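There are 2 protein chains.
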Amino acid sequence: MPAVYEPVPLPPLKDLTDDNITENTIIVNNQSSSPRLRYLFARLVTHLHDFARETRLSSEEWDAAIQFLTATGQICTDTRQEFILLSDVLGLSCLVDVMNHPKPAGATNGTVLGPFHTHDALEYEQGESICSEGKGEPCLVRITVKDTQGRPVVGVTVDIWETDDTGHYDTQYADRAGPDCRGVLVSDAEGVIVFKAIRPVPYPIPHDGPVGGLLEKLGRHPYRPSHMHFKFDKPGYDELVTSLYIRGDPYETTDAVFGVKSSLILDLAKIEDAAVAKEHGLSTDDWLLEYNFVLVTDEEAKELKVKNAEKALKKLGVTATVVDGLPIDALD
Amino acid sequence: MPAVYEPVPLPPLKDLTDDNITENTIIVNNQSSSPRLRYLFARLVTHLHDFARETRLSSEEWDAAIQFLTATGQICTDTRQEFILLSDVLGLSCLVDVMNHPKPAGATNGTVLGPFHTHDALEYEQGESICSEGKGEPCLVRITVKDTQGRPVVGVTVDIWETDDTGHYDTQYADRAGPDCRGVLVSDAEGVIVFKAIRPVPYPIPHDGPVGGLLEKLGRHPYRPSHMHFKFDKPGYDELVTSLYIRGDPYETTDAVFGVKSSLILDLAKIEDAAVAKEHGLSTDDWLLEYNFVLVTDEEAKELKVKNAEKALKKLGVTATVVDGLPIDALD
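If you read the sequences in order, they're chains A and B.
Positions 757 to 1088 (the numbering used here) are the ones given, in order, by the first sequence.
Positions 757 to 1088 (the numbering used here) are the ones given, in order, by the second sequence.
Here it is as structure tokens:
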């Protein structure tokens, strides 16, 4: 398959049947000048049609799907992303994250971004609170950021977000005045970040919309175990999107969005140390969350991603040309 | 797989990887009390995940897909259905129609409904015009409706819709006052329907939205060959959704929505017969469209649908239980 665009001779698109529609749709889409787009749409059309063929999808079911997708798009706003939620509950977000951000042994696992990250979180100094007063049980957070060689990573931008103690993100309030229970901090010379937040609580994903209706039909609950989101960014390092989970949560083993990993579950402690409590204006009985994050470099991530892709594609029997870990053949 | 709902023992959903996410998502969805829904979602998740795995879908591509689907939902209104358009250009609508409305030899083929059918078309008497003045070149339409035994089908409700001569349906005008270039008639004792309309013209599907953007990226044109839509309804007969196409149209072999079938292409003639022209207040030089439609009964359609389903599923190697032509096993 040449990488340069060459006009595709089209067959006459008449008398399309359930047997020839897939092949013909792929040929028509093969006019794209992008070999990657050609490959994506060849596989998309194949799977979409095979799904309909294998299920003998009825007209009523097709119509229900059209209505569902339409409603899912229509409920989206600047602060609500129902399609990400759909991707999350179908396990797609988990899969895409694992493939795109592979972790060598010892590195911190990633997990789903979810639909609640915003770009307007305020920057905080070390020791400050990312939550306004009265949002929940105070929790001192003390984390370190290191590389796979155990060296501190200095100057990492860390984006943190969580719900208040009613289980709602700031963006879920119609009268949101500004960001709350979210913030951005930068790691110090020892790769340390310290800030005040609140103890995470379990909560249901927004389930008053199409995705909530789907979960109900599927007999599934909409809950996520208590967690705090983290996103780490520094040039030269693979972006780490992850969360920390509190051990013993009732939804620890049945997360509605498939986000839990054992290595991200921790035991929440009490501060106990009076000097530490005093330094942060907290009580010894307040919560303490400690965790050591390990980032991978762009090089480490890319190398592993290409290796994993080649291994997986070989296992799947995909014979397409692979460039930088991405298959690009249109017709296989 | 029992048809009665039984609680599913869930595995702990922790440490999900690209290898085990599919199996686990299917088990969780398997809590539904509907065996058909369980089967649909088992196949949906399998294909969705296989698509991502085979393409090594990148985070950027996933994000582009989320944005595309959101925009597709958001542009939908009471009179614009962008998801049907998406289904049309990906060949899915064609496939679903063929499977759900199979035709024995001699019966009129169906084709895509498209997004422009409305439920507010007015009823007309035989001989009336479904188009207001000045909408295009006058065309007398004379059709018959028969069953597969050649007997006239009396009292069929026929819904007809087409664009004006600028290639726009009434619903595409912001100032639409009411239905135009669409109408409903009922077949007479001989199964005949006669009405006045206009000569169909080719037109592009709405391509100012996400689907138009997609076609451009795929190197595809958005045109449909000139056609007139028909929908036939009568209790006891399988609904026929179809269109008639004018031979020689520049887009006859490259319909953007895969709707053309050779048996639905006809030669448009001139009226010529002065008596006929006079009877309908037209000129002998005006257009004449004639076609003989053949409907199938519900029984004929259902029998063929089940037979086709069993044949196709056997060919695909699907071992699920099949009820009325629909597979219902959840785990295969």
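Glycine is no exception: its CB is placed at the ideal position from the N, C-alpha and C atoms.
In this text the structure is predicted, and so the values were computed from the model without any measurement.
- Between F824(A) and chain B, the shortest Cβ-Cβ separation is not below 7 Å.
- DSSP places H805(B) outside any beta strand (DSSP E); the residue lies instead in the alpha helix (DSSP H), whose first and last residues are 791-811.
- By the Cβ criterion, the region 873-891 of chain A is not in contact with the region 1012-1026 of chain A, since fewer than three pairs of Cβ atoms, one from each stretch, lie closer than 8 Å.
- Close CB contacts of S849(A) within its chain, under the 6 Å cut and outside five residues either way in sequence, are with S843, V868 (chain order).
- In this structure, F1014(A) and G847(A) form a Cβ contact; the two beta carbons are roughly 5 Å apart against a cut-off of 8 Å.
- Residue environment analysis places G862(B) among the exposed positions, since fewer than 16 neighbouring C-beta atoms fall within 10 angstroms of its C-beta.
- Judged by their CB atoms, V764(A) and I782(A) are not nearer to each other than the 7 Å cut-off.
- The Cβ atoms of L793(B) and E810(A) lie no closer than 7 Å to each other.
- Cβ-Cβ distances below 6 Å link S982(A) to P956, V957, P958, I1002, D1005 in the same chain, with the five nearest sequence neighbours on each side left out; the list follows chain order.
- Shown here for I954(B): same chain residues with a beta carbon closer than 8 Å to its own, the five before and five after excluded, namely C887, K891, G892, E893, P894, C895, E918, D920, D921, C937 in chain order.
- For the pair A820(A) and P966(A), the CB atoms are not nearer than the 7 Å cut-off.
- Not one beta carbon of chain A lies nearer than 7 Å to the beta carbon of K1026(B).
- Residues of the region 938-963 of chain B that bring their beta carbon within less than 7 Å of a beta carbon in chain A are absent altogether.
- With a threshold of 7 Å between beta carbons, P768(B) makes contact with chain A.
- Assigned with DSSP and collapsed to three states, I831(A) falls in coil, not helix or strand.
- Within 10 angstroms of the beta-carbon of N856(A) lie 16 or more other beta-carbons, which makes it buried.
- For K952(B), no alpha helix (DSSP H) segment is defined; the enclosing uninterrupted segment is the beta strand (DSSP E) at 948-954.
- With the criterion set as a beta carbon lying under 7 Å from some beta carbon of chain B, the members of the region 1066-1087 of chain A are A1068, L1072, V1074, G1081, L1082, P1083, in sequence order.
- Residue pairing by DSSP places I916(B) opposite G939(B), F986(B) in a beta bridge.
- For Y795(A), the residues of chain B that pass the 8 Å Cβ criterion are T811, in the order they occur in the chain.
- Contact between D876(A) and P962(A) does not hold, since their C-beta atoms are separated by about 19 Å, which reaches or exceeds 8 Å.
- Here the alpha carbon of A798(B) sits roughly 19 Å from the alpha carbon of P768(B).
- Taking the CA atoms as reference points, A1031(A) sits about 46 Å from E816(B).
- CA-CA distance, P860(A) to Y1047(A), rounds to 18 Å.
- Per DSSP, I899(B) lies in no alpha helix (DSSP H) segment; the continuous beta strand (DSSP E) that holds it begins and ends at 894-903.
- Those residues of the region 847-860 of chain A placed with their C-beta closer than 7 Å to a C-beta in chain B are G847, L848, C850, L851, V852, V854, M855, N856, ordered along the chain.
- Around the beta carbon of S885(A), a 10 Å sphere encloses 16 or more other beta carbons of the protein chains shown; the residue is thus reported as buried.
- Contact note: D844(A) does not reach chain B at a C-beta cutoff of 8 Å; the least C-beta distance is about 11 Å.
- A distance below 7 Å separates the beta carbons of P871(A) and I840(A).
- When secondary structure is reduced to three states using DSSP, F872(B) falls in the coil class, being assigned neither helix nor strand.
- If you check each beta-carbon in the region 994-1016 of chain B against every beta-carbon of chain A, the ones closer than 7 Å belong to T1009, T1010, D1011, F1014, V1016.
- Between D771(B) and K770(A), the gap from beta carbon to beta carbon reaches 7 Å or more.
- In the three-state reduction of the DSSP assignment, P1083(B) falls in the strand class, which pools E and B.
- The Cβ of T781(A) sits closer than 7 Å to at least one Cβ of chain B.
- Distances from the CA of T1053(B) to each of T864(B), H803(B), D853(B), V852(B) were compared; the closest alpha carbon is that of T864(B).
- L766(B) and V1079(B) have their alpha carbons spaced roughly 27 Å apart.
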